[in-house]
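Student: Protein chains in written order, with our numbering: chain H, 9 to 250; chain P, 457 to 764; chain F, 52 to 598; chain W, 32 to 135. We put the beta carbon where it would ideally sit given N, CA and C, even for glycine. Mind having a look at this structure? Questions to follow.
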Amino acid sequence: MTLDDVLTSLFPTGHQVQRGPAGTLHGLAKVEGHGKVTVVGIVGGTPLGVDAAILLAGHVLAAVEASDRAPIVFLADTSSQNMARRDELLGLNEYLAHLTKSLALAAAHGHRTVSLLFGHAAAGAFIAAALSSQSLVALPGAAPSVMDIPSISRVTKLPLEQLERLAKSTPIFAPGVAPLFAIGAVTQTWAADQPFAPRLADLLRQPVPTSDLRDQIGLERKGRRLAQTIAARVAAEAAAHA
Amino acid sequence: MSKLSQTFKADWYEASARERIAGLLDAEGFTEFLGPEQRAMSPHLAQFDLTGAFDDGIVVGRGRLDGRPVLLAAQEGRFLGGAFGEVHGAKLVGLLRAARDAAGPDGPHAVLLLLDTGGVRLQEANAGELAISEIIHAIIEVRSAGIPVLALVGGRAGAFGGGGIITACCSRIIASEHARVSVSGPEVIETNKGVEEFDSRDRALVWRICGARTRYLTGGVDRYVKGSIQNFREAAIALIAHTPAFELATLKAEQRRLSERLQRFGDCRDAPEIWRKAGLPEPEHIAEISDDAFLAIQRIKGADHDAR
Amino acid sequence: MNDWQKQRSERNARLNAGSHYASGKMVPSDKAKAFLEAVVRPGDRVCLEGDNQKQADFLAEALADVDPSRIHDLHIVQSGIVLQAHLDLFERGIARKLDFSYSGPQGAAIARALVAGKIELGAIHTYIELFARYFVDLTPHVALVAAVAADRDGNLYTGPNTEDTPTIVEATAFKSGIVVAQVNKVVDKLPRVDIPADQIDFIVEADRPFYVEPLFTRDPASVTESQILMAMMAIKGIYAEYSVKRLNHGIGFPTAAIELLLPTYGEQLGLRGKIATHWALNPHPTLIPAIESGWVEQIHSFGSEVGMDDYMSARSDVYFTGHDGSLRSNRLLCQTAGLYACDMFIGSTLQIDIAGNSSTVTPGRIAGFGGAPNMGSDPRGRRHPSAPWLKAGREASDGQGTLTRGRKLVVQMLETFGEKMKPNFVERLDSIELAEKLNFDLAPVMIYGDDVSHIVTEEGIANLLLCRSPAEREQAVRGVAGFTDVGRARDRKAVEALRQRGVIRRPEDLGINLLAASRQLLAAHSIEDLVTWSGGLYQAPSKFRNW
Amino acid sequence: MEQFQVHGASKRRAGGHRRQVITGANASGNLEVLVERVLPDLECQVEVATAVTGFRPIWEAVIKEFFERASPGGLRFSINDGGARPDTVTLRLMQSVQLMEDKA
């Protein structure tokens, strides 16, 4: 899907969302039953670097400052973090962390945060642009990944075919929507056959979890069987020793 | 005995995760949660013909720092590069949630993260990545509950990938000269963008781009310490009492700080260019001088901040 | 009438041909190829200076670029076949025959080229042998050497990496050959003159400094506890036992461990001034702590080492330096020093058989010899006595006969298993198989078993001087071969008997607790510590940094 | 990857009162050893998980010699191996026994 397709399907009555520098997106739109929403995003397959991250965080913080609790919709069609010496020199880790923290702060201030992924997002960009909202929705064209299989093959020195075979039996490392849904990273998957607007309205209506339930969901979906139990055991031991 | 041998035992870089804990905390009373005897190991490694670790490469528990109760996690950088897998990550998530739930007068005074990680463990990449997001989420909850989270970096694996992002989500960051804090590793950039972009075998360059000195001078690290465990301990004790709150004002200040950095130094490609622009003395030698001489340098304006 | 001046006429013709591309002695770098085509003739013996450290790499590339229809069938006579360009000479048909000493990184490529018939091999030499043959039957027609700088007259300053240059130039210049030097720069005044101008015919100012490999830098961070244990045993059981003051070390990690233990463990044993005071040794950075702690009186070096220049200049009481202050190395003279003036060689090897023969040949690789076989041999021409030499001699002769001659201590250090659990002890050396496959007349053996006095492994020390029969020797070797097949095939009773006699000594026999072998004993645990020890004078190569 | 156990008898109970120690790390050429005082006084056992297959006879020889040398009665050793060589294995096992026998 193109960005326009996505925007049209999400906001059929129109929107004031505009492209900004460094592949960023920013503006306002309306969702039936919720009123105004803030839209931010990184699109066009642009790698997420320091320039985009600081702009996006700025938009998010401005929304928080507006104190209107309007939902924030983050549209993502990026690639990975910008792999460049200059970005690392400037401290890309701080910029991505800042974006992530800003989204968390917005959520804490009552803004419902939703990331909609309709293209690529890998590694650090996946964390900052997709996993930092309260909900992550995979739209048609979503291609999330942590690391592609050829890269995994290069690093682990295991043959590509063996990894591809393994990827079919476990969601634990394979790229794609399905494995990331199974482990609890992706909240919902929307197909193209129905308009997105009512679904977004529906999602925004659902109660916000008071804490991070993704490990619980991963357990229920049988994609990540250990994380929730391990975290709970550690917490229980900590409480017992208190 | 030589002058160097005496300090050897206390060297952060050389020490294991458990040795770091032993040297960092007060002598008595470290309690490990989900210890190695419980064999909470990764079930995913065997299919890659790898053996696991009894603690999955991370030690979590409770102890005291200068008498104050703290929770602590230490990554073992020698096991799979300290990388985050499902169990490894979940142990840290559990620890942070425990800190959040225990917040209050009798709760922990801080959570210490002894990071030593190459990032996500590729053999369980999805679980590791999501764990990193959960850890960040939990760090923010802990900080929001008024408990500082301190990152201590100085091991051989550095803090790369999601580990670099986690670092910058903490309230304060302490690092020694060997530390590297970054998102994409030099090898990854070289593989994707070519050796002209980043020659990962030029180790001096690697440290100029993402080493502790570069980070400290521009404000990416709050405290630069000489590499002994004792120095990390003293810095942690000193910093616990002075940490930024997680609130709008803090993030607005961080927005200003990072925007300014980008404006001033956005066209630089090597650290000495930044140092020259900032007017630091003898920028071409800063990477070479002794720790003592380095610590005597006045940091770049704004590098000492509460904006994190 | 006999013409007794043919070589001179030939030389003059070449000088004349070369001068078309030169202004005086100076050849512009962009004319290097055409120039070489003018002065080199088919069938020439050519030395392209290069060893395990410095390389005349610019000239090597220029020579590899000449037209093979004009220049061919060269006979390469040089220390090192190390660069890709060296191999290209053979691949492109410019060179055909090869006499060399060391190959290191190109070992596999040389083996392939031999099998493919691209190289006609004369022999693999030790450094001294090859240099010796320069003056007998392998004298170069053309020598292409490397130096740091030349002045306008053509005097050369080699810098600390003098290495082979004086020897190569001596053999070539004084037998009517042509000597061409690549230099990093041409200057008005040299810091010192290493090679006088009248031995140099042409100078090329290269477009980049010549390459130097930091071959002798060992990162203390990589020293293992087993290597420390071996080092402790060697210090206590050999250095102290024989009071070895004059010695040479190999480049492996076990000997680096020894260097790093001198100021700590050696100090505890009260050995400062009693052992390891005079050295024939490259400038090992790992020796810095011992030097700084007052252990070392004097070092002569084969070559230099990247990053050590300032340190050595500042420690001229220890190193040989020119009046300009910088190191002067000399491979031939240092090899001679190691051979005749040292009482001990101690070094690592990759493979050893049950007779104590050792080799660094691994399947499909011809690494050459370098200097180790000379360092690691008992020089039977030696006549001056010394306490360690006489003690070793007495042990070897068992007090038999009225004439006891001395023996050099030749110590091999190796861990019983190598990378990927490959046993380092074998019944038969891989090099024998390689020699058969390639139809060599002589199997490449680095150090012959009958020259070896001691083998040190993590299991213990075997003193082969005290063995009285081949059978005893074999059990002594098996007795320190650990859990390798060779070690597990030992005759336990025989090994125990050897231990009772002190032929085999375990750590506990030497009063060394296995658990004392800790990295805490190392005087430096990182390259950065070495920099600190040197007071900032040692400038570590970037690839070794972790700061 | 390969897993197996080696059982042994011991002449005496290992000294000290520590219940458990862990030492080393599962890294290339290294191993981690977890020791637990859970066996009858005159028994000992090593459980090995190694990434490198095909060396079981060598492991068994190394462990047998270790049992003779250290007499670690009552101790169960669990190893995660990253391709350590026999000398390193012996060293770690000896270190781990010494830690168990420490007063602390």
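Are the region 572–588 of chain P and the region 143–160 of chain H touching, with three or more C-beta to C-beta distances below 8 Å?
Tutor: yes
Student: For the beta strand (DSSP E) holding F/Ala513, just list the boundary residues, first then last.
Tutor: Position 462 of the third sequence, counted from the first residue, corresponds to residue 513 of chain F. Here the beta strand (DSSP E) through F/Ala513 covers Gly511 to Asn514.
Student: Keeping to the same chain, check which residues put their C-beta closer than 6 Å to that of F/Ile170; ignore five residues upstream and five downstream.
Tutor: Along the third sequence, read from residue 1 onward, the residue named residue 170 of chain F stands at position 119. Closer than 6 Å at the Cβ level, and outside the excluded window around F/Ile170, lie Phe141, Leu149 and Ala164.
Student: Just to check my reading of the structure: F/Ala201 and F/Ile254 have Cβ atoms closer than 8 Å, yes? What is that Cβ distance to the nearest angstrom?
Tutor: Here residue 201 of chain F refers to the residue found at position 150 of the third sequence. Here residue 254 of chain F refers to the residue found at position 203 of the third sequence. That pair is a contact at about 5 Å.
Student: When the Cα atoms are used, what is the spatial distance from F/Gln590 to W/Lys42?
Tutor: Here residue 590 of chain F is taken as the residue at index 539 of the third sequence, counted from 1. Here residue 42 of chain W is taken as the residue at index 11 of the fourth sequence, counted from 1. Answer to the nearest angstrom: the Cα atoms are 55 Å apart.
Student: Could you work out which residue in H/Asn90, H/Val194 and H/Ala243 is closest to P/Lys649 when comparing CA atoms only?
Tutor: Counting from one through the second sequence, the residue named residue 649 of chain P turns up at place 193. Closest by alpha carbon: H/Asn90.
Student: In chain W, what lies closer than 7 Å to P/Asp505 by C-beta?
Tutor: As a position in the second sequence, residue 505 of chain P is number 49, starting the count at 1. Chain W residues near P/Asp505: Met32 and Ala82.
Student: Out of F/Arg596, F/Tyr262, F/Ser577 and F/Ala174, which has the shortest C-alpha to C-alpha gap to F/Leu489?
Tutor: Within the third sequence, the letter at position 438 stands for residue 489 of chain F. Comparing Cα positions, the closest option is F/Ala174.
Student: Note the first and the last residue of the continuous alpha helix (DSSP H) segment covering F/His335.
Tutor: Mapped onto the third sequence, residue 335 of chain F falls at position 284. Element bounds for F/His335: n/a, residue is neither H nor E.
Student: Is P/Pro492 close to chain W? Criterion is C-beta to C-beta, closer than 9 Å.
Tutor: Here residue 492 of chain P refers to the residue found at position 36 when the second sequence is read from its first residue. Taking Cβ atoms only, chain W reaches closer than 9 Å to P/Pro492, which makes this a yes.
Student: What's the gap between the Cα of H/Val48 and the Cα of F/Leu581?
Tutor: Taking the first sequence and counting its residues from 1, one reaches residue 48 of chain H at position 40. Taking the third sequence and counting its residues from 1, one reaches residue 581 of chain F at position 530. The straight-line gap from Cα to Cα measures roughly 52 Å.
Student: Is there a Cβ of chain P sitting closer than 9 Å to that of H/Phe134, yes or no?
Tutor: The residue you call residue 134 of chain H lines up with position 126 of the first sequence. Any Cβ of chain P closer than 9 Å to the Cβ of H/Phe134 would place that residue at the interface, and such an atom is present.
Student: Which residues in the same chain as F/Gly288 place their Cβ atom closer than 7 Å to its Cβ, once the five residues preceding and following it in sequence are excluded?
Tutor: Residue mapping note: residue 288 of chain F aligns to position 237 of the third sequence, counting from 1. The beta carbon of F/Gly288 lies closer than 7 Å to those of Ile512, Arg556 and Leu561 in the same chain, with the five residues before and after it left out.
Student: So, using beta-carbon positions, are F/Trp346 and F/Leu313 closer together than 9 Å?
Tutor: Indexing the third sequence from 1 puts residue 346 of chain F at position 295. Indexing the third sequence from 1 puts residue 313 of chain F at position 262. Their beta carbons are under 9 Å apart, which means F/Trp346 touches F/Leu313 by this criterion.
Student: Under the rule that 16 or more other beta-carbon atoms within 10 Å means buried, what is W/Trp90, buried or exposed?
Tutor: Numbered from its first residue, the fourth sequence carries residue 90 of chain W at position 59. Around the beta carbon of W/Trp90, 16 or more other beta carbons lie within 10 angstroms, which makes this residue buried.
Student: Terminal residues of the continuous alpha helix (DSSP H) containing P/Thr623?
Tutor: Taking the first residue of the second sequence as position 1, residue 623 of chain P is located at position 167. Taken as a continuous stretch (DSSP letters only), the alpha helix (DSSP H) holding P/Thr623 covers Gly618 to Cys625.
Student: Does the region 683–703 of chain P come close enough to the region 52–69 of chain F that 3 or more CB-CB pairs lie under 8 Å?
Tutor: Taking 8 Å as the limit for Cβ pairs, the verdict is that the region 683–703 of chain P does not touch the region 52–69 of chain F.
Student: List, in order along the chain, the chain P residues whose C-beta lies closer than 7 Å to that of F/Gly94?
Tutor: Locating residue 94 of chain F in the third sequence gives position 43, counting from the first residue. Under the 7 Å cutoff, chain P gives no residues; its nearest Cβ is about 40 Å from F/Gly94.
Student: Tell me, please, which residues DSSP counts as bridged to P/Arg628.
Tutor: Within the second sequence, residue 628 of chain P is the residue found at index 172, counting from 1. Its beta-bridge partners are P/Leu606.
Student: Going along chain H in order, which residues have a C-beta closer than 7 Å to the C-beta of P/Leu551?
Tutor: Reading the second sequence from its first residue, position 95 is the one you call residue 551 of chain P. Here the neighbours are Val242 and Ala246.
Student: For the region 49–66 of chain W, which residues have a beta carbon sitting closer than 8 Å to at least one beta carbon of chain P?
Tutor: Gln51, Ile53, Ala56, Asn57, Ala58, Asn61, Glu63 and Leu65
Student: Run through DSSP, which three-state label would P/Val651 get?
Tutor: Counted from its first residue, the second sequence places residue 651 of chain P at position 195. Three-state result, P/Val651: coil.
Student: DSSP state of F/Thr413, grouped into three classes?
Tutor: Your numbering for residue 413 of chain F matches position 362 in the third sequence. Looking at F/Thr413 - three-state DSSP - the assignment turns out to be coil, as it is neither helix nor strand.
Student: With the cut-off set at 9 Å, would you say H/Asp13 and H/Val51 are in Cβ contact?
Tutor: Translated into positions along the first sequence, residue 13 of chain H becomes position 5. Translated into positions along the first sequence, residue 51 of chain H becomes position 43. Their beta carbons are not under 9 Å apart, which means H/Asp13 does not touch H/Val51 by this criterion.
Student: Tell me where the alpha helix (DSSP H) around H/Met91 begins and ends.
Tutor: One-based indexing of the first sequence puts residue 91 of chain H at position 83. Counting along the chain, H/Met91 falls outside any alpha helix (DSSP H), and DSSP gives it neither H nor E.
Student: How about H/Leu168 and P/Leu704: do their beta carbons lie closer than 9 Å?
Tutor: To locate residue 168 of chain H, count along the first sequence from 1; it is residue 160. To locate residue 704 of chain P, count along the second sequence from 1; it is residue 248. Going by C-beta atoms, H/Leu168 is not nearer than 9 Å to P/Leu704.
Student: Give every residue of the same chain whose Cβ lies closer than 7 Å to the Cβ of F/Ser294, excluding the five residues on either side of it in the sequence, and list them in chain order.
Tutor: Along the third sequence, one-based indexing puts residue 294 of chain F at 243. So the qualifying residues of the chain are Lys325, Ile326, Ala438 and Pro439.
Student: Out of P/Glu585, P/Ile629 and P/Leu480, which one is the CA nearest neighbour of P/Val526?
Tutor: Here residue 526 of chain P is taken as the residue at index 70 of the second sequence, counted from 1. The shortest C-alpha separation from P/Val526 is found at P/Leu480.
Student: Check whether chain F comes within 9 Å of P/Arg556, counting only Cβ atoms and requiring the distance to be less than that.
Tutor: For the purposes of this step, residue 556 of chain P is identified with residue 100 of the second sequence, where counting begins at 1. Output row for P/Arg556: interface = no.
Student: So F/Ile219 and F/Val196 are supposed to be a Cβ contact under 8 Å. How far apart are they, rounded?
Tutor: Here residue 219 of chain F refers to the residue found at position 168 of the third sequence. Here residue 196 of chain F refers to the residue found at position 145 of the third sequence. With a Cβ gap of about 6 Å, F/Ile219 and F/Val196 count as contacting.
Student: Please name the residue in H/Phe181, H/Thr178, H/Leu124 and H/Pro179 whose C-alpha comes closest to that of H/Ser17.
Tutor: Mapped onto the first sequence, residue 17 of chain H falls at position 9. With distances taken between Cα atoms, H/Ser17 lies closest to H/Leu124.
Student: For a contact meaning CB atoms closer than 9 Å, what does W/Asp112 contact in chain P?
Tutor: By 1-based counting over the fourth sequence, the position of residue 112 of chain W is 81. The answer, in chain order, is Thr507.
Student: Taking buried to mean at least 16 other C-beta atoms within 10 Å of its own C-beta, is H/Asp223 buried or exposed?
Tutor: As a first step, residue 223 of chain H is located in the first sequence; it is residue number 215 there, counting from the start. The residue is buried, with at least 16 neighbouring Cβ atoms inside 10 Å.
Student: Any idea what DSSP makes of P/Asn582, helix, strand or coil?
Tutor: Here residue 582 of chain P corresponds to residue number 126 of the second sequence, with the count starting at 1. Of the three classes helix, strand and coil, the one that applies to P/Asn582 here is helix, per DSSP.
Student: Just to confirm my understanding: we take P/Ser684, look at its own chain, exclude 5 residues before and 5 after, and list those with CB closer than 7 Å. What are they?
Tutor: Taking the second sequence and counting its residues from 1, the one referred to as residue 684 of chain P is at position 228. Contacts found: Thr463, Ala466, Asp467 and Trp468.
Student: Shorter than 9 Å from the beta carbon of F/Thr508 to some beta carbon of chain P?
Tutor: Position 457 of the third sequence, counted from the first residue, corresponds to residue 508 of chain F. No, its Cβ sits nowhere closer than 9 Å to a Cβ of chain P.
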